[in-house]
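These notes concern the structure reproduced below.
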Amino acid sequence: MASYATSAGIGVGLVTLLALYVGMTYCLTGFGFRFDVGWYLEAVSPYMWASTGIAFAISLSVVGAAWGIFTTGSSILGGGVKAPRIKTKNLISIIFCEAVAIYGIIMAIVLGNIIADFDYNNASREVASANYYAGYSMFAAGLTVGFSNLFCGVCVGIVGSGAALADAQNASLFVKILIVEIFGSAIGLFGIIVAIIQVTKIKMGKTAMP
Amino acid sequence: MSNLGSREQTVWAPFFGSMGAAIGISLSALGAAYGTAKSSTGICTAAVLRPDLMMKSVIPVVMAGILAIYGAVVSILIIQNLSYELTAFQGFVQFGAGIAVGFAGLAAGFAIGIAGDSGVRGSAQQPRLYVGMILIMIFSEVLGLYGLIVGLLLATKATA
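First to last, the protein sequences are chains A and B. Residue numbers for the first sequence, in my numbering: 1 to 210. Residue numbers for the second sequence, in my numbering: 211 to 370.
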């Protein structure tokens, strides 16, 4: 009778064995130089890095917002059966989760405005490395804002769910638990602040040298 | 005149620096979010029992929020040293700084969340437990501080 933990263990073991086999083959046949991280980072176009960054920025933020909204919403609607007065006040929790998606779309628009064309084949080394730096920064900024908003959205959702149920029992508790929610939404704010700082220094295009 | 390997300027070095910054803030944010969410379930439960103790019970949430600040500080310090002319050494050191503060913040956030959840539920029923909860919160926060220290040490090595 294999439980989930056993199947997960077998899966991890198989993946490790496969990775070891591939790694040892590279090492022992003298072709280790072919596992080239630097080549991969240079071979992928900066536009791919930038575009995946933008994609992560908006998609992960929206996943976080959605997760928070369904967590809080189901608690509001469930608790509202016996205490319908909670439904208007607790919409604030839903709005806190929505703000996380707004951060994501702001960042995606900011990143999208940076993309510009450069002559891949005739560019000087400085222009090319400035464009690559911009591509890497946009990828990292997208991951930063995406993951921070994902975690923030889940957190605010859980806190909002607790707030709704506590409000249903005692109406004076909502404002106090709102303080916890404000601390939670500060997490998404840190993410977008760091991402904005990451992209203030970069430029893409033919005149990219900062 | 040979370049000493990692002291040469490479095109791909900013990737590691940027990923260090991203990992630093993202994993600290996960720790902070976990700490906030987990302890908030305890706070909401305790608040129904003792509404007057609510303000004192917000301590685990505050300490979890500080972890996100640690991650943001190290990430911003990494970003100040990024440029399109980066040596491989600088890139790798920034990557290490980001991982250091990120995983430490993640671990500290887990500790603060789980211990804070039990702590606020217990302090609502037994007021003498409050000081014990504060001590446990402080020890958990210090784990994130260690990550911040190592992250700062590494990130300041990456200056041009």
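No residue lacks a Cβ here, since even glycine has one placed at the ideal position from N, Cα and C. In this text, all values refer to a predicted model and were calculated from it rather than measured experimentally.
### Query
Of all Cβ atoms in chain B, is any one closer than 9 Å to the Cβ of F76(A)?
Residue mapping note: residue 76(A) aligns to position 76 of the first sequence, counting from 1. For the record, residue 76(A) in the displayed sequence is Ile; it is not Phe. Taking Cβ atoms only, chain B never reaches closer than 9 Å to I76(A), which makes this a no.
### Query
Are any of the Cβ atoms in chain B nearer than 9 Å to that of C97(A)?
In the first sequence, the residue the question calls residue 97(A) occupies position 97. Not a single C-beta of chain B is nearer than 9 Å to the C-beta of C97(A).
### Message
Can you check which of these residues, K82(A), G188(A), I177(A) and L20(A), is closest to P261(B) by C-alpha distance?
### Response
In the second sequence, the residue the question calls residue 261(B) occupies position 51. Considering only alpha carbons, the answer is I177(A).
#### Entry: Bounding residues of the alpha helix (DSSP H) (the contiguous stretch that carries W39(A))
As a working note, residue 39(A) is residue 39 in the first sequence. Taken as a continuous stretch (DSSP letters only), the alpha helix (DSSP H) holding W39(A) covers V37 to A43.
### Task
Could you name the residues of chain B that A130(A) contacts, counting a contact when the two beta carbons are closer than 8 Å?
Taking the first sequence and counting its residues from 1, the one referred to as residue 130(A) is at position 130. Neighbours of A130(A) in chain B, taken as residues whose beta carbon is under 8 Å from its own, are Y294 in chain order.
#### Entry: Under 9 Å by beta carbon: chain A residues contacting V258(B)
As a working mapping, residue 258(B) is identified with position 48 in the second sequence. The answer, in chain order, is L165, A166, Q169, N170 and L173.
### Message
Within 9 Å of any Cβ in chain A, is that where the Cβ of A314(B) sits?
### Response
Here residue 314(B) refers to the residue found at position 104 of the second sequence. Using a CB distance cut-off of 9 Å, A314(B) does not count as an interface residue toward chain A.
### Message
Quick check on the DSSP output: the alpha helix (DSSP H) that includes G361(B) runs from which residue to which?
### Response
Locating residue 361(B) in the second sequence gives position 151, counting from the first residue. For G361(B), the enclosing alpha helix (DSSP H) covers residues Y340 to A365.
### Where V159(A) meets chain B, residues with beta-carbon distance less than 9 Å
Position 159 of the first sequence, counted from the first residue, corresponds to residue 159(A). Within chain B, the residues near V159(A) are T246, A247, S250, T251, I253, C254 and V271.
### F151(A) at chain B interface by Cβ criterion, 9 Å
Stepping through the first sequence from its first residue, residue 151(A) is reached at position 151. Look at F151(A): its C-beta is under 9 Å from a C-beta on chain B.
#### Entry: Cutoff 9 Å: S228(B) Cβ touching any chain A Cβ
For the purposes of this step, residue 228(B) is identified with residue 18 of the second sequence, where counting begins at 1. The Cβ of S228(B) sits closer than 9 Å to at least one Cβ of chain A.
### A365(B) burial status per 10 Å Cβ neighbour count (16 or more: buried)
The residue labelled residue 365(B) in the question sits at position 155 within the second sequence. Counting other Cβ atoms within 10 Å of its Cβ, A365(B) reaches 16 or more and is therefore classed as buried.
### Query
Which chain A residues are close to G275(B), counting only those with a beta carbon under 7 Å from its beta carbon?
Taking the second sequence and counting its residues from 1, the one referred to as residue 275(B) is at position 65. Residues of chain A whose Cβ lies closer than 7 Å to the Cβ of G275(B) are, in chain order, F183 and A186.
### Task
Kindly list, in the order they appear in chain B, the residues whose Cβ is closer than 8 Å to that of T144(A).
Counted from its first residue, the first sequence places residue 144(A) at position 144. Within chain B, the residues near T144(A) are A231, A232, I235, S236 and S285.
### Message
For a contact defined as C-beta to C-beta under 8 Å, what are the partners of A282(B) on chain A?
### Response
Here residue 282(B) corresponds to residue number 72 of the second sequence, with the count starting at 1. Within 8 Å Cβ-Cβ: F190, I193 and V194.
### Message
Can you list, in chain order, the residues of its chain with a C-beta nearer than 7 Å to that of V303(B)? Leave out the 5 residues immediately preceding and following it.
### Response
For the purposes of this step, residue 303(B) is identified with residue 93 of the second sequence, where counting begins at 1. Within the same chain, V303(B) has close Cβ partners L364, K367 and A368.
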